[in-house]
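Working notes, structure below.
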Amino acid sequence: MACRAEVTRFAPSPTGPLHLGHAFAALTAHHVARASGGQFLLRIEDIDRARCRPVWDQAIRDDLDWLGIPPDAPPLRQSDRLHIYGETLDRLWQLGLLYPCTCNRRDILAALDAPQEGVSLGPDGPVYPGTCRHRPRPAQRPVKRPVDQALRLDMRAALTGLGPLAFTETAHPDHFGQNIITPAQLVDATGDIVLARRDMGTSYHLAVVIDDAAQGITTVTRGADLFDATRIHVLLQALLHLPTPAYHHHRLIRDDAGRRLAKRDDARALSTYRAAGATPDDIRAWLGL
Ligand code: GLU
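Here it is in structure tokens:
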């Protein structure tokens, strides 16, 4: 069987230096692309304007150059694409699939009437109990999408008329092969997710799905911690009539205590290793590549 030339992407947020975990994600995406004669792309996920900085945007590109894996095209920047996310939100609003939500995290926990430990967690935290979905709505629904409030996807309504959803997993040993997502799984395990945050006018889930399609990504490589988020993305692809890529969920790089490396682990920034004389081959070897 002829092997498809895969288009992959590395999609960091420029909120701090890249660490070994990012290097592993980028090298994995690059490897999957190169092994199939395909393309490795970069996307700068900078919708969180409060936390993103141009200096980190530049540092990401410098680190990829240093690792020897510069992207095959100029990066896509999410901050340039807010109007595109807005158009999609308008469409979903007109279909009646979004509703405004004024709950904060404390409201959600209070409505769940349970200590945090007992709350079922979805990819974005506690599964939303639907408080604002049940609020009385004005008889006349505003024609225009409200832009000053968070908007949630009415998950039950979104799933109406959609059959079972499917995607192919190419790496994760527990999910390898064809995965079927049932509507019940999404309603119970995920709840009504936020598609437009009040402060951003979009959300990670919406932007990622629109941009993976725009960049023609055929295999999404990402950490295994995002497996539940992938289910949401497959639903959004069906709703928005976008293609579903294959997914390659890779292992996470952890520190000696077994904790996932976070961006605040500055000591493990690639630039720190580089300044101490490490080579890209050292990095690959440490990552077991
Ligand atoms: N910006 C996300 C991250 O760094 C992208 C991951 C993804 O959607 O695959 O975790």
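In the working numbering, the protein residues as written are 6 to 294. Beta carbons: idealized from backbone N, C-alpha and C, even for Gly.
query                                                                                               : result
Inter-residue Cα distance where the pair is Arg111 and Gly21                                        : 28 Å
Arg157, enclosing beta strand (DSSP E) - first and last residue                                     : Ala155 to Leu158
When Asp129, Val214 and Pro169 are compared against Ala194, the one with the closest alpha-carbon   : Asp129
Sufficient close CB pairs (3 or more, under 8 Å) joining the region 205-225 to the region 35-54     : yes
Same chain, Cβ closer than 7 Å to Ala176, neighbours up to 5 away in sequence not counted           : His253, His254 and His255
8 Å Cβ shell around Leu135 - same chain, five flanking residues per side excluded                   : The amino acid occupying residue 135 in the given sequence is Gly; Leu does not appear at that position. Excluding positions up to five away in sequence, the list reads Gly196 and Asp197.
When Gly182, Leu191 and Asp153 are compared against Leu167, the one with the closest alpha-carbon   : Leu191
Cβ neighbour criterion (16 or more within 10 Å) applied to Leu158                                   : buried
Close beta carbons around Ile89, own chain, < 7 Å, minus the five adjacent residues each side       : Ile215
Check: Pro17 C-beta below 8 Å from any heavy atom of ligand 1                                       : yes
Close Cβ partners of Val239 (< 8 Å) along its chain, the five nearest in sequence each way excluded : Leu170, Ala171, Phe172, Ile186 and Thr249
heavy atom of ligand 1 below 8 Å from Glu11 C-beta                                                  : no
Whole-angstrom distance between Arg39 and Ala10, CA atom to CA atom                                 : 8 Å
Cβ-based burial, Ala290 [other Cβ within 10 Å; buried from 16]                                      : exposed
Heavy atom of ligand 1 within 8 Å of Glu92 beta-carbon                                              : no
Residues near Ile288 by beta carbon distance below 6 Å, same chain, minus five either side          : Ala28
Closer than 8 Å: Val213 CB and nearest ligand 1 heavy atom                                          : yes
Proximity to His246 [Cα-Cα], best of Pro79, Thr107, Gly127 and Ala163                               : Ala163
N-terminal and C-terminal residue of the alpha helix (DSSP H) that Ala38 is part of                 : Leu25 to Ala40
Identity of the residue in Leu266, Ile113 and Cys57 nearest Cys137 by Cα                            : Ile113
Backbone secondary structure at Gly135 - three-state DSSP                                           : coil
Cβ-heavy atom distance, Ala234 to ligand 1, below 8 Å                                               : yes
Ala115 versus Gln242 - alpha carbon distance                                                        : 32 Å
8 Å Cβ shell around Ala102 - same chain, five flanking residues per side excluded                   : Strictly speaking, residue 102 in this sequence is Leu, with Ala absent from that position. So the list reads Leu158, Asp159, Ala162, Ala163 and Leu244, once near-sequence residues are dropped.
Length-filtered (4 minimum) alpha helix (DSSP H) runs lying within the region 225-267               : 232-244
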